[in-house]
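Worksheet for the structure shown next.
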Amino acid sequence: MNHVVDTIVTNPGIASRLAQDTPGFLDYGFKFIEDEDKSDKIFCGVFRSILSNEPSCCKIFINVPSSSLIPTIGPFLRTLVRLTEGIDPRTISVHVSLTWVADKSNEEKTAAHHIHMMVRNSMAAALFLTRWKVILPKDLEVSKVKAEMNANPHVNYPTVQILQAETISQAETISPETACDSMVKNKGQPVVPAEVERYWHEQEEEDIVAVRIPIRTKMCTVRLTPILYRLAQRLRASSNVPVTKPILSPELLIMVCVDKVANLYRIIMLLRDYHKYRQACCRYRLILITRNESIRKHLQQEATNFVSGLDGDQDEVPRVITTGDAVNIARDSSMVAIDLDPNANLLDQASSTFEVARILLWGFEKDG
19 MNHVVDTIVT NPGIASRLAQ DTPGFLDYGF KFIEDEDKSD KIFCGVFRSI
69 LSNEPSCCKI FINVPSSSLI PTIGPFLRTL VRLTEGIDPR TISVHVSLTW
119 VADKSNEEKT AAHHIHMMVR NSMAAALFLT RWKVILPKDL EVSKVKAEMN
169 ANPHVNYPTV QILQAETISQ AETISPETAC DSMVKNKGQP VVPAEVERYW
219 HEQEEEDIVA VRIPIRTKMC TVRLTPILYR LAQRLRASSN VPVTKPILSP
269 ELLIMVCVDK VANLYRIIML LRDYHKYRQA CCRYRLILIT RNESIRKHLQ
319 QEATNFVSGL DGDQDEVPRV ITTGDAVNIA RDSSMVAIDL DPNANLLDQA
369 SSTFEVARIL LWGFEKDG
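Counting in the numbering used here, the sequence shown runs from 19 upward without gaps.
Here it is, written out as structure tokens:
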């Protein structure tokens, strides 16, 4: 019999997101029971998981060497869950190794908070990964961290498996040197886009694929997202079909909707990578889209200041425009919009549509 685990949800933001996302996972036994009377200011609902006995379809090892990189892990886990649509998330095994040295007297409480922030920053998507393991920094005791979580309903996630560093093999906790390390050495400069195959390791004894992802900077999870896309392809059996690279227009306009300054920085850095190292196949021009004029002015100034402070060749500062101006620009152009609409095609099946596109448009983070 499969084991049922209930997670008490106290954060209104997490509760709201679970209420929106859980209907897409009902086939896997997930259920969100919302507090209807709203009388309890702490209790927002119960997230119910039915753990699976099926074998893992893949293993993902994420190495985090600094607590300052914790905010980047949650969005990466959310991307993993969203890209693997159609795959039972309970069969995806994720190991997040916290490999820094714990040196604070209240580090157990801090570790519990780190786990909470990964859940929160994933917009609760990490809770669908019932084989998510967190390997603690060396010398931290699992029992003490669990005691901190059990004593605080705001950070208590019973499906998260917490492990001692000594119980995990070095092969699982230490990632091989990869192109990600060059991001540290060449901070502020474009980095060669990730070669996905370098991060893949076949586990023949289990007949599954393992992916090792070293996190070195706050840009790593953004730059390494193609690994998750290729993993999703494979898990959906798309790897049996020859992978063809889409033929893009030689002059492509990239339009990205953005609300947050931090996302603006990431977008600019990512496009610099591909513009510098993939120029031979396509040139990109970036336009950022905001909701109103006040945000537009602020982000335009932030973009100007950010680009002027980057190392390397002088970059063109991207234009920041409002949604109204974007409609006028895109009105008579062939465009591909990339979003999470339930009626949208999977990217695996849509490569041919890129051949005629003059504009690629990404929607807003929260609502498309």
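We put the CB at the ideal spot given by N, CA and C, even for glycine. Nothing here was measured: the structure is a model prediction, and the numbers come from that model.
Determine the direct distance from the alpha carbon of L270 to that of V27, and round the result to whole angstroms.
As a first step, residue 27 must be located in the sequence shown, where it is residue number 9. As a first step, residue 270 must be located in the sequence shown, where it is residue number 252. In a straight line, the C-alpha of V27 is about 44 Å away from that of L270.
Could you tell me the alpha carbon to alpha carbon distance between A129 and I356, rounded to whole angstroms?
For the purposes of this step, residue 129 is identified with residue 111 of the sequence shown, where counting begins at 1. For the purposes of this step, residue 356 is identified with residue 338 of the sequence shown, where counting begins at 1. Between A129 and I356, the C-alpha separation is close to 36 Å.
If you run the structure through DSSP and keep just helix, strand and coil, what is I272?
Stepping through the sequence shown from its first residue, residue 272 is reached at position 254. It is a strand residue.
Taking the alpha carbon of V82 as the reference point, which residue from Y302, K162, V114 and T177 has its own alpha carbon closest?
Reading the sequence shown from its first residue, position 64 is the one you call residue 82. It is V114 whose Cα lies nearest to the Cα of V82.
Using 8 Å as the Cβ pair cut-off and three pairs as the minimum, do the segment 70-86 and the segment 163-173 touch?
no
Buried versus exposed call for L154 [16 or more other C-beta atoms within 10 Å across all chains shown]
As a first step, residue 154 is located in the sequence shown; it is residue number 136 there, counting from the start. Buried is the call here.
Residues of its chain near C75, where Cβ-Cβ distance is below 8 Å and the 5 sequence neighbours each way are ignored
Within the sequence shown, residue 75 is the residue found at index 57, counting from 1. I105, D106, T109, I110, I226 and L253, listed in sequence order.
Could you check what DSSP says for S140 in three-state terms: helix, strand or coil?
The residue you call residue 140 lines up with position 122 of the sequence shown. Coil.
Among L306, V173 and H134, whose alpha-carbon lies nearest the alpha-carbon of V279?
The residue given as residue 279 occupies position 261 in the sequence shown. The shortest C-alpha separation from V279 is found at L306.
Just to confirm my understanding: we take I78, look at its own chain, exclude 5 residues before and 5 after, and list those with CB closer than 6 Å. What are they?
Your numbering for residue 78 matches position 60 in the sequence shown. So the list reads V112 and V229, once near-sequence residues are dropped.
Are the CB atoms of V23 and S67 nearer to each other than 7 Å?
Start at 1 with the first residue of the sequence shown, and residue 23 comes out as number 5. Start at 1 with the first residue of the sequence shown, and residue 67 comes out as number 49. Yes.
Residues bridged to G63 [DSSP beta-bridge criterion]
As a working mapping, residue 63 is identified with position 45 in the sequence shown. According to DSSP, G63 bridges with V27 and E52.
Residue span of the beta strand (DSSP E) that contains V112, given as start and end:
Along the sequence shown, one-based indexing puts residue 112 at 94. I110 to L116 is the extent of the beta strand (DSSP E) around V112.
So, helix, strand or coil for F146, using DSSP?
Within the sequence shown, the letter at position 128 stands for residue 146. Correct three-state label for F146: helix.
Can you list, in chain order, the residues of its chain with a C-beta nearer than 8 Å to that of H219? Leave out the 5 residues immediately preceding and following it.
Residue 219 sits at position 201 when you count from the first residue of the sequence shown. Contacts found: V227, A228, V229 and R230.
Among the residues of its own chain, which have a CB less than 7 Å from the CB of P93, if the five just before and after it don't count?
Working through the sequence shown from its first residue, we reach residue 93 at position 75. The residues are N139, S140 and T239.
For C75, write down the residues that DSSP places opposite it in a beta bridge.
Start at 1 with the first residue of the sequence shown, and residue 75 comes out as number 57. The partner list for C75 (beta bridge, DSSP) is empty, contrary to what the question assumes.
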